[in-house]
Structures are given as structure tokens and as C-alpha cells.
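FYI, in the working numbering the residues of the sequence shown are 241 to 603. By construction, the Cβ of each residue, glycine as well, lies at the ideal position given by its N, Cα and C atoms. Reading through the C-alpha cells given below for one structure.
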Amino acid sequence: MFLGCLCPFGHIAPAFAAPVSVGQDVNALVDEIQSATKQVQTALDEVHQLQTDIDILATEILTLEEQTLPAQRKQALQSTRDEYKMRHSSINILVALLSLDSFASLTNLAKYLAVIQSKHVSELDILKQTKTELEEKLQQLSTAKDKAISKQNEASRSLKRAQTAHDELLRRAKSSNEPEAVAAGEAREQVAEHIRAAEQELAATNASTNVQNPETNSQNTSATTSPNTTTNEHATNNQPSHDSNSPSSSTETSISSSATESSSQDARGWKTGIASYYGIDDGFLGETTANGSIVTESSMGIAMLGVPFGTRVEITYRGVSVIAVVNDRGPYVDGRVIDMQPAVARALGFLSVGVDRVSYRFL
Numbered sequence: 241m242f243l244g245c246l247c248p249f250g251h252i253a254p255a256f257a258a259p260v261s262v263g264q265d266v267n268a269l270v271d272e273i274q275s276a277t278k279q280v281q282t283a284l285d286e287v288h289q290l291q292t293d294i295d296i297l298a299t300e301i302l303t304l305e306e307q308t309l310p311a312q313r314k315q316a317l318q319s320t321r322d323e324y325k326m327r328h329s330s331i332n333i334l335v336a337l338l339s340l341d342s343f344a345s346l347t348n349l350a351k352y353l354a355v356i357q358s359k360h361v362s363e364l365d366i367l368k369q370t371k372t373e374l375e376e377k378l379q380q381l382s383t384a385k386d387k388a389i390s391k392q393n394e395a396s397r398s399l400k401r402a403q404t405a406h407d408e409l410l411r412r413a414k415s416s417n418e419p420e421a422v423a424a425g426e427a428r429e430q431v432a433e434h435i436r437a438a439e440q441e442l443a444a445t446n447a448s449t450n451v452q453n454p455e456t457n458s459q460n461t462s463a464t465t466s467p468n469t470t471t472n473e474h475a476t477n478n479q480p481s482h483d484s485n486s487p488s489s490s491t492e493t494s495i496s497s498s499a500t501e502s503s504s505q506d507a508r509g510w511k512t513g514i515a516s517y518y519g520i521d522d523g524f525l526g527e528t529t530a531n532g533s534i535v536t537e538s539s540m541g542i543a544m545l546g547v548p549f550g551t552r553v554e555i556t557y558r559g560v561s562v563i564a565v566v567n568d569r570g571p572y573v574d575g576r577v578i579d580m581q582p583a584v585a586r587a588l589g590f591l592s593v594g595v596d597r598v599s600y601r602f603l
């Protein structure tokens, strides 16, 4: 029976001979490692494709939130005002009808009024369709993120299987049975690089998709709440949560910093933390954020500490979800993790709340 050299994510090539019984046992462990690491790669390939889909959806959602919907709301509001004015000027319209001197003139006026009415209805329909499109894209993104994290958990479990088999090879390499020790030792050396490659790729994928130890964290969900549940835990102090004079760090840190220590990450990547908002009646509207953006009525920006600029964050509050992007530093009040700019707070129905617990996860 021959054992072999296991090339990264490949197959075994003949390497050395060993007694049949020993070789069968060691080969079984090598096969287990090969199977498990192949499953790691397959799962991570799916994660990478899902992450591409998530990035595209997040960009489309931010465009809808920051550009399309504000413009359509403005247009729909103007149409509503025009409709109101027209309805309350019905006496003038009646006078115009009575003063017409021909059937053709009456027909033309009727067509004109119908066009105006149709335009008003159309503007509202377009706004409704865009809101529906936004909700559908949010659902697609959330589903893709759930699946990506599931695949990362699957990769983590497969890697654990490979590591367990590798540990068994190490134990056998220390056996007093010389043939077994030799066979296990040589096999262990051959698969060591293979496992290291799988470990590195999983770690890199977790880092690039903003997931920290997904399988480990999925076991500790006691500190989290469902993304559709809030604890209605309002802060009692009125200390400003944002400070435009606070220095921003030019060196980005990992997301596993103090900004995320408010709660554990659940099996789907959700955390909970206290959020607030700024940019309304506090002098920050129109000001420059830490990364050079401008706080506007329609900007879907948020401030977080220790989270790289440009990170997309899915935030849920009382059943409503939005996608926001980190473009500022804050909040500067102990216990708070997110400071939302006006459009984010408005979309979540947060303006009347001020401070409360939200669910969020990094995309």
C-alpha cells in the first residue's frame, strides 16, 4: 500500500511504502484531510461568488436610498401639492368650462385635465414601484449574506475535520510502533502545507467579508437579539454622541475592535448595539465627515469607531432594514456603537426615538 504527496486542493501522488494495515489506517486519515480541505475550497468558492452578488446589491441599494428615492419623493410631493391645488380650484375650472364656446375647446380642456391627473398618479406609482424594488433588493441581499455566512461556517467545520485528522496523524507519528510512526510522520509532513493553505484561505475570506470566527461565534447567541426585535433600551443621558473635532485615525483597524464589542455575533453575523443619530438641528448637517464626505439630508452614512471607511453595514430596527456605509468616526458616548446620519435615521423611523438598540451586520 502506498501513501502519497497531497498537493494543495489536489490529489495524492505515490511517495512511500508501509505495511498494509498501517498504510490503510494512515491513508484513511489522509483521505479524510483531502476530502475535508476540498470541501473547504468548494464552500469558499461559493462564498466569493455570493460576496460579489452582495457587493453589487449593496451598491444598487445605496443608489436607490441616496439618489433615486429622494428625487422621486420630491417629485411625488410636488405632484401631491399640484393635485391639491387643482382640486381646490374646481370653481375656477367650472367657470372655464362654462365659458368655452365650442365642443372642441371642451374636449381639449378635458384632455389637458386628464393628462395632469395621470401625471400625478404616475409619480406616486413610480415612487411605490421604487420602494418595492428596494425592499426586494434588501431581501435578496439579506438572503445572500445568510447563505455566505452559512458557507463560511461549513468551511470552518470542514477545516476542523481536517485538523482533527492531522492531529491523529501527529499522535500516530509519536507511536512506539515504528512502521506506524514512520508512515504517519511522513504523511503528516505531506499534508501540513495543504492544511495551512486551507487555514489561510478561510482566514482571508473571513477578513475580506467582515466575518469573525463564524462557527465559533454562532455558538454564542445569548447576547444578541433577532434582527427584527428591539429591546427598547433607551439611553438616559443627552451627551452629544458626535464630535467633529475628534481626530480620525489614518490607519484602519480590524472590525474586531471596540466598536463591535457590544455584543457577540450570532450564526448569521448579526450583532446588537446602541445607536443614535446626528445631522439634524445640531450643526453637523453640511459638515465634512472624517473621510471627506459631506453630511446631507440624503447621505446614507454612519459613524463607527475602528471600522474601515467604506464598509457597508446592514442595519435593522423594528422590522425595517437599510444599507449604510461607514464614512465618519463616532459615536463618542460610552456604550453606543453607531451614529447615524439623517437619511439612515429617517429610513429606520429613528427620528422620534433618538437612542435605542439596533441590529446590524457588516457586509
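Check, Outcome
"Option nearest valine 547 by Cα separation, candidates Ala447, Glu375, Ala585 and Asp574", "Ala447"
"Residue-level contact to chain C via CB, aspartate 271, 8 Å cutoff", "No chain C is part of this structure, which consists of one protein chain only."
"Meets three-Cβ-pair contact criterion under 8 Å: the stretch 430-438 and the stretch 287-302", "no"
"Buried or exposed by the 16-neighbour rule on C-beta atoms within 10 Å, applied to phenylalanine 602", "buried"
"DSSP beta-bridge partners of methionine 580", "Tyr517 and Ile542"
"Candidates Glu363, Arg558, Asp574 and Ile578: closest to alanine 564 by CA position", "Ile578"
"Minimum C-alpha distance to threonine 404 - residue among Ala316, Arg428, Thr445 and Gln440", "Arg428"
"Where proline 454 falls, given that 16 or more other Cβ within 10 Å makes a residue buried", "At proline 454 the pLDDT is 48, less than 50, meaning the model places this residue with poor confidence; the figure from the coordinates comes in the next sentence. Buried, because 16 or more other Cβ atoms sit within 10 Å of the Cβ of proline 454."
"Identity of the residues DSSP links to tyrosine 600 by a beta bridge", "Lys511 and Ile555"
"Per-residue burial, glutamate 363 [other beta carbons within 10 Å of its own, 16 or more giving buried]", "buried"
"Three or more C-beta pairs below 8 Å linking the stretch 419-428 and the stretch 309-319", "no"
"Burial state of leucine 297 (16 or more Cβ within 10 Å)", "buried"
"Same chain only: Cβ atoms within 8 Å of serine 415, ignoring 5 sequence neighbours per side", "Ala421 and Ala424"
"Inter-residue Cα distance where the pair is leucine 399 and glycine 594", "44 Å"
"Residue(s) in a DSSP beta bridge with valine 565", "Gly541 and Arg552"
"Whether methionine 544 touches valine 573 by CB criterion (8 Å)", "no"
"Euclidean distance between Cα positions of serine 599 and aspartate 407", "39 Å"
"Aspartate 265 classed as buried or exposed, judged by whether at least 16 other C-beta atoms fall within 10 angstroms", "buried"
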